[in-house]
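Chemist: Under my numbering, think of the first position of the sequence shown as 87, with each following residue one higher. Ideal Cβ placement from N, Cα and C applies to all residues, glycine included. My structure is below; once you've seen it, I'll send some questions.
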Amino acid sequence: EIGVRLVGSEMCIRDSRDPYAREFSATVTSCREGKKGFEVVLDDTAFYPEGGGQPSDEGTLGEAKVIFVKRVGPEIVHYIDKPLEVGSTVIGKIDWERRFDNMQNHTCEHIFSGLVHQKYKLENVGFHMDPDDITVDFSGEIPMESIPELEQLVNQAITQDIDIKIEFPTEEVLEAMEYRSKKELHGVVRIVTIPGCDRCACCGTHVRRSGEIGMFKILDASKHRGGTRVRFVAGERARRDYGWRVKEIAKVSALFSAKPHEIAKAAANFIEEGKAKDQKSAQRTERYLQFVASGLVSRNGLVKVFEEDLSPFELKRFAGMLKEKFSESSIGVFSSIEGGFNYVIASSDPELPKISKSLNAKLNGRGGGRDGMVQGTYRVDKKAVEEAFDEIFSK
C-alpha cells in the first residue's frame, strides 16, 4: 500500500506505506491548467509534497513530467508539463535517485540534530535541503571545537546500522513521550525514533536503517543570528561532494605543481609572491608617474593629462601628486576604458561638486566625491573630454 493521507493538521505517510515504493497506479480526480503548468490531483499518491524543509519528489505520471508537488489545503497537487484525462488511470514513477538522496540526508539530519539536542540542549530552528547540501540552524552556539566530535558521533551511529522506528502513538502515549518538535501537536502525530540518537515528530521520508545513509560530512559551521548554522552532506550527496572536491584539488595541485596535501602552503606562497610583485610594480608606477609629473605644466589654471592602463586607485594617487605640485590649479587625470574614460578631478575650487555634475551631464558621466576630489567614468571620446574641460575651467 502506498500514498499519503491527511490526519489532523499534519500530512503523514502511513507507517504501513513504503517510502521505498518507486512506482504506483492512481486515478486522476482533477486536472487544471495553472501558472506552473498543469495541476493534477490523484485519488492516491506516492509523491512526497514539499514540506518540513524537505523538497518534493519529482518523476512522471504517465507521459507527463512531475516538476513539483505541493500540499494545497486538503489536496496534494502535482504540477506537471502536460494535461491528464480526468478519470483515467496513470502510472506514477518516482525519481528514485532524488528520493533516496533526500531520505538519506533527512534521516541523517535527525541523527545530527538529536545528538546536538542531547549534548547541548539546543533546538533545531531551521532546516533546508538544497540540491548540493543541507543547512541546519540551531537555537544557540555549538562550540566550534566540538564540531569534529559531533561528526564522528553521527558517523558512528551510521555504522551501527540502527533500526529506525516509525509510529503513531495514541494521545495518552504521546503526552508522556519526550520528542523534538518545532510546534505543539495534537491528534495523530507521526514519530520517528532513532534509538540512542533522536525522537522527533516528522512527516518526511526516511531510510529503514541508519547504515543506508553511508556517510556524513560537515562542510561548514558558523555563528548565525545568536545560534549556529551548520552545512553538511550525507549519503550519495556526500559521495558526489567528495568526487568534485577530489577533481578540483587535482586541478589546483597540477597548477601549483604541489602534492594535494601541500596545495594550501603552495597557494600561500603564491599569494605572498604576488604581493611582493605588486609592491614592486606599484613602486615602478610611482616612479613613472613622478617622471610624467615633472614634465607637466599648468595652463590657465588647469592640468589635464591622459595616461593608459591606470587603475582608479592609481588615478587618484596621480591626481593627489599633481595637486601637491600645482596647488593653485585644477587637475584632471584620465585613463581609457572600453567606451570612455575613468577620471579623477582634484581642485580647491569650492564649486567642484557643481562643476562635476555639469561635466557628468555633458560627458555621459557618473561619479562624485568630496574634500576637493571627485572620481568616476565618462562615456565619450577623448576629444569630447578635452573640449568640455577647456570650456568649463576657462570660465
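Who are the near neighbours of Glu109 in its chain, counting only those whose CB is closer than 6 Å to its CB and skipping five residues on each side?
Modeler: Taken in chain order, the residues that qualify are Lys179.
Chemist: Note down the Cα distance separating Asp143 from Tyr134, rounded to an integer number of angstroms.
Modeler: Cα to Cα, Asp143 sits roughly 5 Å from Tyr134.
Chemist: Near Ile153, which residues of its chain fall below 8 Å by C-beta distance, leaving aside the five closest residues on each side in sequence?
Modeler: Result list for Ile153: Lys122, Gly123, Glu144, Tyr165, Ile166, Asp167, in chain order.
Chemist: By DSSP, does Cys194 sit in helix, in strand, or in coil?
Modeler: Looking at Cys194 - three-state DSSP - the assignment turns out to be helix.
Chemist: Considering only residues of the stretch 203 to 279, which uninterrupted beta strand (DSSP E) runs meet the minimum length of 3 residues and lie entirely inside it, listed in chain order?
Modeler: List check, beta strand (DSSP E) in window: 210 to 215, 220 to 224, 251 to 253.
Chemist: Per DSSP, what kind of secondary structure is Glu125 in: helix, strand or coil?
Modeler: Looking at Glu125 - three-state DSSP - the assignment turns out to be strand.
Chemist: Quick one: residues in its chain with C-beta nearer than 8 Å to the C-beta of His292, no 5 flanking neighbours on either side, listed in chain order?
Modeler: Closer than 8 Å at Cβ, skipping near neighbours: Pro105, Met189, His192, Thr193, His196, Ile250, Ile252, Val278.
Chemist: My parser needs the beta strand (DSSP E) runs of 3 or more residues fully inside the stretch 292 to 325; what are they?
Modeler: The stretch 292 to 325 contains these whole beta strand (DSSP E) runs: 302 to 310, 313 to 320.
Chemist: Since Asp476 is in the alpha helix (DSSP H), which residue starts that stretch and which ends it?
Modeler: Per DSSP, Asp476 belongs to the alpha helix (DSSP H) from 468 to 479.
Chemist: Identify the residues that DSSP records as bridge partners of Lys453: which are they?
Modeler: Checking the sequence shown, residue 453 turns out to be Gly, not Lys. Looking at the DSSP assignment, Gly453 forms a beta bridge with Gly462.
Chemist: Considering only C-alpha positions, which residue in the set Ser111, Pro281, Phe412 is nearest to Lys46?
Modeler: This structure cannot settle anything about residue 46, because the visible part of the chain is limited to 87 through 481.
Chemist: To the nearest angstrom, report how far apart Gly426 and Gly387 are at their CA atoms.
Modeler: Looking at the two C-alpha atoms, the distance is approximately 25 Å.
Chemist: So Thr497 and Glu394 are supposed to be a Cβ contact under 8 Å. How far apart are they, rounded?
Modeler: This structure cannot settle anything about residue 497, because the visible part of the chain is limited to 87 through 481.
Chemist: In whole angstroms, what is the alpha-carbon distance linking Gly451 and Asp364?
Modeler: Cα to Cα, Gly451 sits roughly 30 Å from Asp364.
Chemist: Can you say whether Glu261 is buried or exposed, counting buried as having 16 or more other CB atoms within 10 angstroms of its CB?
Modeler: Burial call: exposed.
Chemist: Restricting to Cα atoms, I'd like to know which of Lys443, Glu414, Arg385, Phe377 is closest to Phe404.
Modeler: Considering only alpha carbons, the answer is Phe377.
Chemist: Does the separation of the CB atoms of Arg315 and Asp457 fall below 7 Å?
Modeler: Contact: no.
Chemist: If contacts are defined as beta-carbon pairs under 8 Å, then Ser225 and Glu209 qualify, I think. What distance do you get, rounded to the angstrom?
Modeler: Rounded, the Cβ-Cβ distance is 4 Å, consistent with contact.
Chemist: Going by other Cβ atoms of all chains shown within 10 Å of its Cβ, with 16 needed for buried, is Val211 buried or exposed?
Modeler: Classification for Val211: exposed.
Chemist: Count the other CB atoms within 10 Å of the CB of Tyr374; is the residue buried (16 or more) or exposed (fewer)?
Modeler: That one is exposed.
Chemist: Could you name the residues of the same chain whose beta carbon sits closer than 6 Å to that of Ser174, not counting the 5 residues immediately before and after it, in chain order?
Modeler: If we look at Ser174 and ignore the five residues flanking it on each side, its Cβ neighbours are Val114.
Chemist: Do Ala107 and Asp129 come within 7 Å of each other at the CB atom, strictly closer than that value?
Modeler: Going by C-beta atoms, Asp129 is not nearer than 7 Å to Ala107.
Chemist: Starting from Ser444, follow the alpha helix (DSSP H) in both directions and report where the run begins and ends.
Modeler: 438 to 448 is the span of the alpha helix (DSSP H), which, as asked, contains Ser444.
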